[in-house]
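Chemist: Input: one structure, supplied below.
2 protein chains.
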Amino acid sequence: ESPAVRGVSRDSKQSKLTISAVPDRPGIAAALFGRLAEKSIMVDMIVQNVSDNGLTDISITVNSDMAQQAEQIMVESNESFGGATISRDDDIAKVSVVGVGMKSQAGVAARVFSALARSRINIMMISTSEISISVVVRQADSENSVRVLHKEFIG
Amino acid sequence: ESPAVRGVSRDSKQSKLTISAVPDRPGIAAALFGRLAEKSIMVDMIVQNVSDNGLTDISITVNSDMAQQAEQIMVESNESFGGATISRDDDIAKVSVVGVGMKSQAGVAARVFSALARSRINIMMISTSEISISVVVRQADSENSVRVLHKEFIG
Ligand SMILES: C[C@@H](O)[C@H](N)C(=O)O
Ligand SMILES: C[C@@H](O)[C@H](N)C(=O)O
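Protein sequence lines, in the order shown, are assigned to chains A and B.
Position 6, counted from 1, in the first sequence is what my numbering calls 6; the numbers after and before it change by one each time, with no gaps.
If you want my numbering, it's the position in the second sequence, counting the first as 1, plus 155.
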């Protein structure tokens, strides 16, 4: 059965923060997000892929207004993990295709990624759920991303 | 306002496949998912973090029954990208905390990760949306994960 894509949305007022090469052991994510929560940082995306050599990266997106503060917190957390690096990227936008039954369909994801690829839009991050496929793209690509995805799914 | 966590779910019948060190340029995700879609592979999680030195990793989770076929497709895709490696891990479970207003609350994520950390459960992958925080853990940790998260959020 075909999942129903209901809409395409974007948020260009986000910044991405990545803490790279953190130890992949229990307690690391808890420590980092505990500190972010303490300072009431609002986090949108959280993405962590599998580790390599016992190290992995954790990326978050936050409202641009909080980027400075979130970065500071990550720098301070870093001191307790040891060895990780922090990077911040303000030139991003989050674009989401939202619907129902979104998971289980490599076809929907293929259509999202192909639509973007045809416009030469690079996909910097991907995160999915049962109701959404979200990508991070450059801010300059965000309007075009919404346009081509709207055309692909809504008409 | 406090987001409402409605439930905790898990799926231990999943396998993780990662294609590592793919070029971070337009068309790569489209090519990979196009091939997966062609073979009607049902994909649950898709996780891609930011690239490093122009290369990044894309991980997916699929129903264990499709793992072999999905792996084969990734190996074939790899031939067109050049240079990437494929890894498969069947010893995983996806555990999700589902609710409303889940995003924007570093506090909810902190509670999820802390509950798992207190039980020494390692978080292998993280992917979030507005209605869910999903983690990948070892199969042996999946029952415990649900138990501690249920206790944390539902009582
Ligand atoms: C990297 C981080 O997620 C770690 N694996 C943890 O469990 O906290
Ligand atoms: C890595 C992959 O997502 C690539 N950036 C693409 O746009 O297809």
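Just so it is clear, CB atoms sit at the ideal spot from N, CA and C, and this is done for glycine as well.
#1: Measuring alpha carbon to alpha carbon, tell me which of A/121, A/154 and A/65 ends up nearest residue 40 of chain A.
#2: Confirm, please, whether the CB-CB distance from residue 247 of chain B to residue 203 of chain B is below 8 Å.
#3: Let me see if you follow: with CB-CB separation under 8 Å, is residue 99 of chain A close to chain B or not?
#4: Taking the alpha helix (DSSP H) that residue 117 of chain A falls in, what are its first and last residues?
#5: Which bits of chain A does residue 127 of chain B rub up against, with CB to CB less than 7 Å?
#6: Say yes only if the C-beta of residue 99 of chain A is nearer than 7 Å to one or more non-hydrogen atoms of ligand 3, and no if none qualify.
#7: Have a look at the DSSP bridge pairing and note the partners of residue 296 of chain B.
#8: Note down the Cα distance separating residue 158 of chain A from residue 310 of chain B, rounded to an integer number of angstroms.
#9: Got a sec, what are the start and stop residues for the alpha helix (DSSP H) residue 161 of chain B sits in?
#10: Residue 120 of chain A touches chain B at which residues, Cβ-Cβ below 7 Å?
#11: Taking 8 Å as the threshold (C-beta atoms), are residue 137 of chain A and residue 126 of chain A in contact?
#12: At the 8 Å Cβ level, is residue 78 of chain A part of the contact set with chain B, yes or no?
#13: Quick one: which residues of the segment 278 to 308 of chain B get their C-beta closer than 9 Å to a C-beta of chain A? List them in chain order.
#14: Say whether chain A places a C-beta atom closer than 8 Å to the C-beta of residue 204 of chain B.
#15: Would the beta-carbon of residue 159 of chain B be found less than 7 Å away from any heavy atom of ligand 1?
#16: Does the beta carbon of residue 209 of chain B sit closer than 8 Å to a beta carbon anywhere in chain A?
#17: If we ignore side chains and look at the alpha-carbon of each, how far apart do residue 96 of chain A and residue 153 of chain A end up?
#18: Is the segment 107 to 117 of chain A in contact with the segment 227 to 240 of chain B, if contact means three or more CB pairs nearer than 8 Å?
#19: Consult DSSP for residue 45 of chain A and reduce its assignment to one of helix, strand or coil.
#20: By how many angstroms is the C-alpha of residue 67 of chain A removed from the C-alpha of residue 17 of chain A?
#21: Leaving out five residues on either side along the sequence, give the residues of the same chain with a beta carbon under 8 Å from the beta carbon of residue 77 of chain A.
Modeler: Put simply:
#1: A/65
#2: No; because the gap between Cβ atoms is not below 8 Å, this pair is not in contact.
#3: Chain B, which has no Cβ nearer than 8 Å to the Cβ of residue 99 of chain A, makes this no.
#4: 106 to 118
#5: Look at the range of chain B in this structure, 156 to 310, and you will see that residue 127 of chain B is not part of it.
#6: In the structure shown, ligand 3 is absent; the only ligands present are ligand 1 and ligand 2.
#7: None; residue 296 of chain B has no bridge partner.
#8: Because chain A here runs from 1 to 155, residue 158 of chain A falls outside it and cannot be looked at.
#9: Here residue 161 of chain B belongs to no alpha helix (DSSP H); instead the beta strand (DSSP E) covers 159 to 178.
#10: 181
#11: no
#12: no
#13: Residues passing the 9 Å Cβ filter: 278, 279, 280, 281, 282, 283, 284, 285, 286, 287, 288, 289, 290 and 291.
#14: Closer than 8 Å to some Cβ of chain A, the Cβ of residue 204 of chain B qualifies, so yes.
#15: no
#16: no
#17: 12 Å
#18: no
#19: strand
#20: 8 Å
#21: Around residue 77 of chain A: 19, 31, 32 and 35.
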